[in-house]
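Contents: one structure, followed by commentary.
Structure follows, in structure tokens:
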């Protein structure tokens with residue numbers, strides 16, 4: 063069995079379609095059905111006809127990816143879809159052969175495989191950084207091979223956590239990062255540098271600021287955003303870690319109560335309910351839940367129903383807040399979390 067990375071668009075525009083329809087897939091231009099294209103050469107010809115004017119290298123790359131979808135994937139293989147709109151990955155199992163949906167108006171949703179999404183919301187924080195690096199390939203479709211990826215993804219699918227590579231399967235890092243888009247050669251597949259940087263920062267954050275120190279980091283973010291922030295005190299049983307407000311004394315609106323959960327496991331719905339109940343007790347305007355390991359499905363549904371009262375920061379959003387406010391952090395925080403800004407040309411991934 064093999065593990066495949068299949069993206070859902072540069073902005074995640076195909077995520078809900080894939081999850082709700084139990085499918086995965088891609089498309090490039092007006093490439094017609096590949097049902098009769100049973101060789102890589104035939105797929106190349108269809109792609110070349112469907113996207114006229116493209117450079118030869120691009121045609122070869124698109125053809126290699128569609129050939130993987132059409133001819134290389136097998137029933138029982140794993141599919142991994144990193145979500146753009148939340149800090150989770152979805153893992154599923156291919157259940158059917160290649161299909162072409164001629165009635166689909168969006169050409170990027172016509173070439174599909176049926177998938178059973180066994181684990182649609184595994185937090186990125188539950189996956190080790192070396193495997194996250196492999197999930198950062200820019201290609202829409204590629205095979206994930208190195209560092210015992212298939213075993214680890216299957217384990218994560220059933221247990222919710224990456225166990226790491228088995229000792230006998232560990233390999234030295236390679237320039238291709240463990241990706242393959244073509245069955246005859248290893249490609250130097252570009253990696254999403256911003257995604258890799260965010261994962262690296264997240265790894266350092268949880269190593270350095272776990273537990274009570276995570277509360278201090280959140281407090282620094284709120285202070286940098288103009289809040290007067292005080293710790294509520296360890297040992298209290300009301301679930302509140304920080305209290306923040308505007309104005310000289312921190313008494314002006316918006317008044318915010320904050321609960322910080324730095325564990326890797328997802329936060330459940332009773333925690334959300336407790337925070338919501340504390341809003342009236344503390345006469346707060348809003349609640350902030352920092353959930354490093356994300357939310358359970360029930361908790362996410364509850365948060366959606368309270369969207370104007372409670373905001374959630376998962377690991378991705380916390381990293382984003384750190385990046386936005388880093389320059390205003392005190393020197394002691396910047397010393398513990400040394401970062402520098404690098405400008406690079408943007409790229410796109412489908």
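Numbering (the numbering used here), first residue to last: 63 to 412. Even glycine gets a Cβ: it sits at the ideal position worked out from N, Cα and C. As the structure is a prediction and not an experimental result, all values here were calculated from the model.
By alpha-carbon positions, which one of the options ends up nearest to residue i?
{"i": "residue 76", "options": "147, 137 and 138", "result": "147"}
{"i": "residue 404", "options": "256, 133, 367 and 130", "result": "256"}
{"i": "residue 86", "options": "69, 99, 381 and 92", "result": "69"}
{"i": "residue 182", "options": "172, 209 and 142", "result": "142"}
{"i": "residue 261", "options": "82, 103, 378 and 118", "result": "378"}
{"i": "residue 66", "options": "185, 380 and 153", "result": "153"}
{"i": "residue 397", "options": "131, 266, 192 and 359", "result": "266"}
{"i": "residue 7", "options": "357, 387, 369 and 401", "result": "Outside the shown range of the chain (63 to 412) lies residue 7, about which nothing can therefore be said."}
{"i": "residue 187", "options": "387, 375, 399 and 389", "result": "375"}
{"i": "residue 215", "options": "343, 286, 193 and 202", "result": "193"}
Grab the span of the beta strand (DSSP E) containing residue i for me, first residue to last.
{"i": "residue 143", "result": "140-144"}
{"i": "residue 310", "result": "Premise fails: residue 310 is in no beta strand (DSSP E) and is neither H nor E."}
{"i": "residue 373", "result": "372-375"}
{"i": "residue 346", "result": "Taken as a continuous stretch (DSSP letters only), residue 346 belongs to no beta strand (DSSP E), as it is neither H nor E."}
Who are the near neighbours of residue i in its chain, counting only those whose CB is closer than 6 Å to its CB and skipping five residues on each side?
{"i": "residue 282", "result": "391 and 395"}
{"i": "residue 247", "result": "Note on residue 247: pLDDT 39, under 50, position unreliable in the model; the coordinate value appears next. Within the same chain, residue 247 has no close Cβ partners at all."}
{"i": "residue 89", "result": "169, 170, 172 and 173"}
{"i": "residue 331", "result": "360, 361 and 364"}
Quick check on the DSSP output: the alpha helix (DSSP H) that includes residue i runs from which residue to which?
{"i": "residue 316", "result": "Counting along the chain, residue 316 falls outside any alpha helix (DSSP H), though it belongs to the beta strand (DSSP E) covering 314-323."}
{"i": "residue 79", "result": "77-83"}
{"i": "residue 337", "result": "331-343"}
{"i": "residue 365", "result": "359-367"}
{"i": "residue 293", "result": "Segment 290-293 is the beta strand (DSSP E) holding residue 293; no alpha helix (DSSP H) there."}
{"i": "residue 191", "result": "191-196"}
For residue i, is the classification buried or exposed, using 16 other Cβ atoms within 10 angstroms of its Cβ as the cut-off for buried?
{"i": "residue 333", "result": "buried"}
{"i": "residue 225", "result": "exposed"}
{"i": "residue 361", "result": "buried"}
{"i": "residue 407", "result": "exposed"}
{"i": "residue 323", "result": "buried"}
{"i": "residue 254", "result": "buried"}
{"i": "residue 393", "result": "exposed"}
Beta-carbon within less than 7 Å of residue i's beta-carbon, same chain only, minus the 5 sequence neighbours each way: which residues are those?
{"i": "residue 138", "result": "63, 155 and 156"}
{"i": "residue 81", "result": "152, 179 and 182"}
{"i": "residue 325", "result": "354 and 355"}
{"i": "residue 258", "result": "195 and 198"}
{"i": "residue 91", "result": "112, 113 and 169"}
If you drop the 5 nearest sequence neighbours on each side, which residues of the same chain put their C-beta closer than 8 Å to that of residue i?
{"i": "residue 218", "result": "153, 181, 184, 188, 189, 224 and 225"}
Which residue spans inside the region 90-167 form an unbroken alpha helix (DSSP H) run of at least 4? Counting only runs of 4 or more residues that sit fully inside the region 90-167, the alpha helix (DSSP H) segments are 102-112 and 118-129, in chain order.
Beta strand (DSSP E) segments (min. 3 residues) lying fully within the region 251-284: none
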